[in-house]
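S.K.:
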Amino acid sequence: MTTASEPGGWAPASAPGQDDRARRPDPADGPPEDPSRQSVGELFADVTRDMSTLLRQEVALAKAEATASARRAGKGAGMFAGAGVAGHMVLLFLSIALWWSVGTQIGHGWSALVVAGVWAVVAVVLALAGRAETQKIKGMPETVDSVKKIPHALQGHEEKNS
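When we follow my numbering, the leftmost residue of the sequence shown carries the number 33, and every step to the right adds one.
Here is the structure:
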């Protein structure tokens, strides 16, 4: 294959199996061509490459936001589970307290009620913390905002995105 440096050469040499037309511009080649002098095929290739990059970046942003939201939702769900266990303990100790109270008529049952009261406080605290954590979940606001900007960018009206 002839190269541009050889007499009569028409294109730079490429690796075997690589199409010269698909070669990306090298910054060392100098500034890119004026868009008004590019062929329709080159312009279409640039637009296609830019759209592909944009879509890949949007998918990456969506993944990152979904991961953050899922983590927060998992934390809230864990607190709700803790509240469920604490609630179960309330029922258990209230049942034991009732049993102990009825069984002895005085004294020993009150200690079980105190323990049940402590578990009730734990259940309330965990339930409120879980509720507060799940209310902090905002979904994927950056992705939504970015996707809303795509139609303006495709039309060449980026100034409408501010």
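From the three backbone atoms N, C-alpha and C, an ideal C-beta is built for every residue, glycine too.
(1) L186: which of E74, V157, V79 sits nearest, CA to CA?
(2) Using the rule of at least 16 other Cβ atoms within 10 Å of the residue's Cβ for burial, across every protein chain shown, is G19 buried or exposed?
(3) Less than 8 Å between the CB atoms is what I'm expecting for E191 and E97, so what's the real figure, rounded?
(4) Might you give, ordered along the chain, the residues of its own chain that have their beta carbon closer than 7 Å to the beta carbon of K168, omitting 5 neighbours on each side?
(5) Would you call the segment 83 to 92 and the segment 111 to 120 touching, i.e. three or more CB-CB distances under 8 Å?
(6) Measure the beta-carbon distance from V122 to A155 and round it to whole angstroms, keeping in mind my assumption that it falls under 8 Å.
(7) How about E90 and V179: do their beta carbons lie closer than 8 Å?
(8) Report the option in K107, A144, F112 whose CA atom is closest to the CA atom of L124.
(9) Specify, as a first and last residue, the run of the alpha helix (DSSP H) that I169 falls within.
(10) Exposed or buried, which one is A129 when buried takes at least 16 other CB atoms within 10 Å?
(11) Closest to G110 by C-alpha separation, out of T166, L93, A92, would be which residue?
M.R.: Taking the structure as given:
(1) V79
(2) Outside the displayed span of the chain (33 to 194) sits residue 19, for which this structure offers no information.
(3) About 26 Å separates the two Cβ atoms, so there is no contact after all.
(4) R104
(5) no
(6) 6 Å
(7) Yes, they are a contact pair.
(8) A144
(9) Here I169 belongs to no alpha helix (DSSP H), and DSSP marks it neither H nor E.
(10) Its Cβ being crowded by 16 or more others within 10 Å, A129 is buried.
(11) T166
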